[in-house]
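Visitor: Using this note's numbering, you'd call the opening residue of the sequence shown number 35 and step up by one each time.
Below are the structure tokens for one structure; questions will follow.
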Amino acid sequence: EHCPRCKGQDPSKLFAKAANDYHEHLVKERGVEMLMWGDRLLDSAATGYGKWEASENRTHQAINLVPKDIVVCDWHYTLREDYPSIPTFLEKGFRVWPSGWKDVEAVKALIDFSRRYNVERMLGYLCTTWGAVKPGQLAQWPPVQVAMEKLR
35 EHCPRCKGQD
45 PSKLFAKAAN
55 DYHEHLVKER
65 GVEMLMWGDR
75 LLDSAATGYG
85 KWEASENRTH
95 QAINLVPKDI
105 VVCDWHYTLR
115 EDYPSIPTFL
125 EKGFRVWPSG
135 WKDVEAVKAL
145 IDFSRRYNVE
155 RMLGYLCTTW
165 GAVKPGQLAQ
175 WPPVQVAMEK
185 LR
């Protein structure tokens with residue numbers, strides 16, 4: 035709404051165009067695999083996620099407009115009983131790489147929930163650090179230790 039070129043256009047189509055342009059360049063022209071964060075492909079109201087973990091501005095409808103060979107990194111940093119985005123992305127045909135951060139209990143819950151979906155498109159678990167780990171200390175960082183133990 036703040037961009038004169040985009041004002042009045044469907045946010046999901048604008049978002050899908052950007053993702054599809056990246057896909058064209060990365061996958062088709064360069065021959066590399068494309069990963070993207072999944073938050074903008076999720077409906078905040080439908081998932082119960084907040085405005086950072088999911089979309090409140092209708093970009094979520096782009097989930098039907100982007101290529102399914104994109105790996106969706108589905109990040110969740112707080113403890114929840116369930117993570118409805120995981121089955122959503124799988125049902126839509128994406129490969130899913132659940133991603134947590136520094137809350138050890140949230141990491142455990144996300145991994146446990148993800149492991150309910152024992153399908154080839156479930157890619158394991160992506161540890162993010164966002165600078166919270168000192169150089170050389172990654173293997174000793176509690177969230178990484180928990181993830182390594184759970185995924186053994």
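C-beta: ideal position from N, C-alpha, C; glycine also.
Express the C-alpha separation of residue 163 and residue 51 in angstroms, rounding to a whole number.
Guide: In a straight line, the C-alpha of residue 51 is about 29 Å away from that of residue 163.
Visitor: Have a look at 179, 145, 90 and 98 and flag the residue whose alpha-carbon is nearest the alpha-carbon of residue 111.
Guide: 145
Visitor: Could you check what DSSP says for residue 55 in three-state terms: helix, strand or coil?
Guide: helix
Visitor: Determine which residues share a DSSP beta bridge with residue 106 and list them.
Guide: 70 and 130
Visitor: Run the CB neighbour count on residue 103, radius 10 Å, all protein chains shown included, and call it buried at 16 or more, exposed below.
Guide: exposed
Visitor: If you check the beta carbons only, do residue 181 and residue 159 fall under 8 Å apart?
Guide: yes
Visitor: In chain order, what residues of the same chain lie with their CB nearer than 6 Å to the CB of residue 128, ignoring the 5 residues before and after it?
Guide: 102 and 106
Visitor: Comparing C-alpha positions only, which one of 91, 67, 184 and 39 sits nearest to residue 147?
Guide: 184
Visitor: May I ask you to report which of helix, strand or coil DSSP gives residue 137?
Guide: coil
Visitor: Can you give me the start and stop residues for the alpha helix (DSSP H) that residue 81 sits inside?
Guide: 78-81
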